[in-house]
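Since the structure comes first, as structure tokens, the remarks are kept for the end.
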Amino acid sequence: MTLRIYNTLTRQKEAFKPIDSKHVKMYVCGPTVYDSAHLGNARPVVVFDVLYRLLTHLYPKVTYARNITDVDDKIIKAAKKNNESIDTLTKRTTDKYHQDMAALNALSPDIEPRATQHIQQMIDIIKILIDKGHAYAAEGHVLFSVKTDPNYGTLSGFDKDQIISGARVEVAPYKNDPEDFILWKPSTDAMPGWESPWGVGRPGWHIECSAMAKAYLGETFDIHGGGIDLVFPHHENEIAQSSCCNDGKKLANYWMHNGHLGVNGEKMSKSLGNFFTVSEKLSEIPGEVIRYVLLATHYRQPLDWTGDVAGQAKNILDKFYNALDGNERQVVDINSGLLESLQDDLNIPLALSHLHELVSEIHKTGDADQKNKLQNELRVSANLLGLLYQDPHQWFKSAQGQAIEAGEIETLIQQRRQARADKDFALADKIRDELTAKGVVLLDSSDGTAWRYK
Ligand SMILES: [Zn+2]
Numbered sequence: 060m061t062l063r064i065y066n067t068l069t070r071q072k073e074a075f076k077p078i079d080s081k082h083v084k085m086y087v088c089g090p091t092v093y094d095s096a097h098l099g100n101a102r103p104v105v106v107f108d109v110l111y112r113l114l115t116h117l118y119p120k121v122t123y124a125r126n127i128t129d130v131d132d133k134i135i136k137a138a139k140k141n142n143e144s145i146d147t148l149t150k151r152t153t154d155k156y157h158q159d160m161a162a163l164n165a166l167s168p169d170i171e172p173r174a175t176q177h178i179q180q181m182i183d184i185i186k187i188l189i190d191k192g193h194a195y196a197a198e199g200h201v202l203f204s205v206k207t208d209p210n211y212g213t214l215s216g217f218d219k220d221q222i223i224s225g226a227r228v229e230v231a232p233y234k235n236d237p238e239d240f241i242l243w244k245p246s247t248d249a250m251p252g253w254e255s256p257w258g259v260g261r262p263g264w265h266i267e268c269s270a271m272a273k274a275y276l277g278e279t280f281d282i283h284g285g286g287i288d289l290v291f292p293h294h295e296n297e298i299a300q301s302s303c304c305n306d307g308k309k310l311a312n313y314w315m316h317n318g319h320l321g322v323n324g325e326k327m328s329k330s331l332g333n334f335f336t337v338s339e340k341l342s343e344i345p346g347e348v349i350r351y352v353l354l355a356t357h358y359r360q361p362l363d364w365t366g367d368v369a370g371q372a373k374n375i376l377d378k379f380y381n382a383l384d385g386n387e388r389q390v391v392d393i394n395s396g397l398l399e400s401l402q403d404d405l406n407i408p409l410a411l412s413h414l415h416e417l418v419s420e421i422h423k424t425g426d427a428d429q430k431n432k433l434q435n436e437l438r439v440s441a442n443l444l445g446l447l448y449q450d451p452h453q454w455f456k457s458a459q460g461q462a463i464e465a466g467e468i469e470t471l472i473q474q475r476r477q478a479r480a481d482k483d484f485a486l487a488d489k490i491r492d493e494l495t496a497k498g499v500v501l502l503d504s505s506d507g508t509a510w511r512y513k
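Using our numbering, the letters of the sequence shown map in sequence onto residues 60 to 513.
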């Protein structure tokens, strides 16, 4: 079976034909590092992580690039608000992002370019676009002239004529046409800025991805991915810039987009109080549970994080790990049904149903060798989804208590001991209740307090 993927460009499932069958190249838009990643940011990371694992299984070499946007107006604003330097903010947020994504068992991309280290490549593309008549400089800005690109709108179905005739938005004075977008803009002394032929300034967001993708994957590569909200304008603009710069060459042959993530049927937003960062969720539930929830809905469908999805996912993982118990490792093939499901446009829900079937077979068989083989099949197949990567014993030990680590438990026990010494029994009880809520049982004795996970 060959890999088929749904291509947003053509709006249909297509057989995947890499430019070089020995080396597949993929680019996924990465985070703008101004704040902690939220659950919606984690979805593309986990979805494209499964694609990366699948491609690596199917092809001899895969290069996966995912950028870090470390220059952006949101960053300037957040640094000011937090009263910290831009460097401190972007470094702190990038480190946090890496930690959070590792906790979801997402592999690191092969290349993680940072926008601020590719300013020259951006300037080079902008110069070419101006030379070719696709961009113009005005008042320290450089803008892409959308009307010069006859293919603009191919990805998103954006109809520029309709927008122009209906537009009532206030148009910036330096724009020739309302739909033109920024490639370069001027920076004041307080803002990050680089010397350019158009004065000291900084790049627009879209040009960053065009430049970094070209630098590492070439003018045309195989797969470009991201969340559905990036289709317009971000990806449409990436295509326009890159194709117009590179003599009409396609930026990517296949465009893949994951659906939105909502919470309790609503859009996740700070004002609705249903906004969760990845690290907030990680303090409550194991990363593998979050990963399972993010994968259990088809990647192109909207995902609704409702009340008990995490509890259900946890129970399923318990069941899976339970079936692995006592397994002796041996080399076996990945389950063919699971592999076929993944090759059909990453049908992960169907792939998961094959794991459930394997679990049933494991419980049914009376033959020890057969059981061991099936257990290995379950493990290696789940590993392709980035699941069941822990030792079952470790899972059952940590899944209850992952909300709180051993070091933190010891600290709280110490604080409780002090509270009791101070005869602050209310505080001592509060600490014990907090630990109980996190699945930790305290065992007081004359020797002190021991603990175990529930
Ligand atoms: Zn991008």
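Virtual Cβ for every residue (Gly too), placed ideally from N, Cα, C. Fair warning: this is a prediction, and the values are worked out from it, not measured in the lab.
Worksheet entry | Rounded C-alpha distance that separates Asp367 from Gly89 | Here residue 367 refers to the residue found at position 308 of the sequence shown. Here residue 89 refers to the residue found at position 30 of the sequence shown. Whole-angstrom Cα-Cα distance: 29 Å.
Worksheet item: So what does DSSP say about Tyr123, is it helix, strand or coil?
Response: Sequence index remark: in the sequence shown, residue 123 carries index 64 (1-based). Strand at Tyr123.
Item to complete: With distances taken Cα to Cα, identify the nearest neighbour of Leu444 among Arg350, Gln434, Gly466.
Response: Translated into positions along the sequence shown, residue 444 becomes position 385. Comparing Cα positions, the closest option is Arg350.
Fill in: Residue list, Cβ distance to ligand 1 heavy atoms smaller than 5 Å
Result (chain order): Cys88, Cys268.
Worksheet item: Since Asp159 contacts Leu341 with CB under 8 Å, what's their CB separation in whole angstroms?
Response: Numbered from its first residue, the sequence shown carries residue 159 at position 100. Numbered from its first residue, the sequence shown carries residue 341 at position 282. Confirmed, Cβ separation roughly 7 Å.
Worksheet entry | Cβ-based burial, Lys373 [other Cβ within 10 Å; buried from 16] | Your numbering for residue 373 matches position 314 in the sequence shown. With 16 or more Cβ atoms within 10 Å of its Cβ, Lys373 is classed as buried.
Item to complete: Go to Asp488, then tell me how far its beta strand (DSSP E) extends in each direction, as first and last residue.
Response: Sequence index remark: in the sequence shown, residue 488 carries index 429 (1-based). Where Asp488 is concerned, there is no enclosing beta strand (DSSP E), although the alpha helix (DSSP H) it sits in stretches over 484–496.
Worksheet item: Sorted by chain position, which residues of the same chain lie with C-beta nearer than 6 Å to Phe75's C-beta, five sequence neighbours on each side aside?
Response: For the purposes of this step, residue 75 is taken as the residue at position 16 of the sequence shown. Leu62, Ile64, listed in sequence order.
Worksheet item: Nearest CA to the CA of Glu267: which residue from Lys244, Asp218, Leu113, Lys308?
Response: For the purposes of this step, residue 267 is identified with residue 208 of the sequence shown, where counting begins at 1. Considering only alpha carbons, the answer is Lys244.
Worksheet item: So Tyr448 and Leu405 are in contact, right, with Cβ under 8 Å, and what is the actual spacing, rounded?
Response: Position 389 of the sequence shown, counting from 1, holds the residue named residue 448. Position 346 of the sequence shown, counting from 1, holds the residue named residue 405. At roughly 19 Å, the Cβ-Cβ gap does not stay under 8 Å, so Tyr448 and Leu405 are not in contact.
Worksheet item: Smallest Cα separation from Val83: which of Ser95, Gln71, Lys120?
Response: The residue you call residue 83 lines up with position 24 of the sequence shown. Looking from the CA of Val83, the closest CA among Ser95, Gln71, Lys120 belongs to Lys120.
Worksheet item: Is it the case that the Cβ atoms of Glu416 and Leu433 are separated by a distance below 7 Å?
Response: Counted from its first residue, the sequence shown places residue 416 at position 357. Counted from its first residue, the sequence shown places residue 433 at position 374. Their beta carbons are not under 7 Å apart, which means Glu416 does not touch Leu433 by this criterion.
Discussion item. Between Cys519 and Asp363, how many whole angstroms is the CB-CB distance? I'm expecting something under 8 Å.
Written reply: In the structure as shown, the chain starts at 60 and stops at 513, and residue 519 therefore has no counterpart that could be examined.
Worksheet entry | Cβ-heavy atom distance, Asn442 to ligand 3, below 6 Å | With respect to small molecules bound, the structure shown includes ligand 1 and not ligand 3.
Worksheet entry | Proximity to Gly199 [Cα-Cα], best of Gln180, Pro256, Met181 | Here residue 199 corresponds to residue number 140 of the sequence shown, with the count starting at 1. It is Pro256 whose Cα lies nearest to the Cα of Gly199.
Worksheet entry | Run of the alpha helix (DSSP H) containing Gly157, from where it starts to where it stops | As a working note, residue 157 is residue 98 in the sequence shown. The residue asked about is misnamed: residue 157 is His in this sequence, not Gly. Per DSSP, His157 belongs to the alpha helix (DSSP H) from 145–162.
Practice prompt. State the DSSP-derived secondary structure class of Arg70, mapped to helix, strand or coil.
Written response: As a position in the sequence shown, residue 70 is number 11, starting the count at 1. Judged by DSSP in its simplified three-state form, Arg70 adopts coil rather than helix or strand.
Worksheet item: Leaving out the 5 sequence neighbours to the left and right, which residues in its chain are closer than 7 Å to Asp239 when beta-carbon positions are compared?
Response: Numbered from its first residue, the sequence shown carries residue 239 at position 180. Leu202, Phe203, Ser204, Val205, listed in sequence order.
Worksheet item: DSSP state of His193, grouped into three classes?
Response: Translated into positions along the sequence shown, residue 193 becomes position 134. Coil, per DSSP.
Worksheet item: Which residues in the same chain as Trp253 place their Cβ atom closer than 6 Å to its Cβ, once the five residues preceding and following it in sequence are excluded?
Response: Stepping through the sequence shown from its first residue, residue 253 is reached at position 194. The residues are Ile178.
Item to complete: Would you give the residue range spanned by the alpha helix (DSSP H) that Met60 belongs to?
Response: Indexing the sequence shown from 1 puts residue 60 at position 1. First-last for Met60: undefined, no H or E at that position.
Practice prompt. Would you mind working out which of Lys133, Leu437, Asp131, Asn305 sits nearest His193, comparing C-alpha positions?
Written response: To locate residue 193, count along the sequence shown from 1; it is residue 134. Comparing C-alpha distances from His193 to each of Lys133, Leu437, Asp131, Asn305 shows the shortest one belongs to Asn305.
Worksheet item: Which stretch, first to last residue, makes up the beta strand (DSSP E) that contains Tyr313?
Response: Walking along the sequence shown from the start, residue 313 turns up at place 254. 311–317 is the extent of the beta strand (DSSP E) around Tyr313.
Worksheet item: Going by other Cβ atoms of all chains shown within 10 Å of its Cβ, with 16 needed for buried, is Gly460 buried or exposed?
Response: Numbered from its first residue, the sequence shown carries residue 460 at position 401. Legend: pLDDT at Gly460 = 47, less than 50; position of this residue unreliable, value from coordinates given subsequently. By the neighbour-count rule (16 or more Cβ atoms within 10 Å), Gly460 is buried.
Practice prompt. Taking 7 Å as the cut-off, decide whether the C-beta atoms of Leu214 and Glu295 are in contact.
Written response: Stepping through the sequence shown from its first residue, residue 214 is reached at position 155. Stepping through the sequence shown from its first residue, residue 295 is reached at position 236. A contact, by the Cβ cut-off of 7 Å.
Practice prompt. Under 8 Å by Cβ, that's how I've got Leu87 and Ile134 pegged, so tell me the actual separation to the nearest angstrom.
Written response: Within the sequence shown, the letter at position 28 stands for residue 87. Within the sequence shown, the letter at position 75 stands for residue 134. Looking at the sequence provided, one finds Val at residue 87 rather than Leu. Taking 8 Å as the upper bound for CB-CB distance, Val87 and Ile134 are not in contact here, some 20 Å apart.
Discussion item. Distance check for Lys378 and Glu73, CA to CA, integer angstroms please.
Written reply: If you number the sequence shown from 1, residue 73 lands on position 14. If you number the sequence shown from 1, residue 378 lands on position 319. Those two C-alpha atoms are separated by around 35 Å.
Item to complete: Compute the distance between the beta-carbons of Ala197 and Tyr233, then report whether it is under 7 Å.
Response: Here residue 197 corresponds to residue number 138 of the sequence shown, with the count starting at 1. Here residue 233 corresponds to residue number 174 of the sequence shown, with the count starting at 1. At a Cβ-Cβ threshold of 7 Å, Ala197 and Tyr233 count as neighbours.
Item to complete: May I ask you to report which of helix, strand or coil DSSP gives Pro103?
Response: Within the sequence shown, residue 103 is the residue found at index 44, counting from 1. Helix.
Practice prompt. Alpha carbon to alpha carbon, how far is Lys497 from Glu278? Give it in angstroms, no decimals.
Written response: For the purposes of this step, residue 278 is identified with residue 219 of the sequence shown, where counting begins at 1. For the purposes of this step, residue 497 is identified with residue 438 of the sequence shown, where counting begins at 1. Rounded to the nearest angstrom, the two C-alpha atoms are 51 Å apart.
Discussion item. Pop quiz: Val105 and Leu289 are said to be a contact at Cβ under 8 Å. What is the actual Cβ separation, rounded to whole angstroms?
Written reply: Translated into the one-based positions of the sequence shown, residue 105 becomes position 46. Translated into the one-based positions of the sequence shown, residue 289 becomes position 230. In fact, because the Cβ distance is near 16 Å, the residues do not count as touching under 8 Å.
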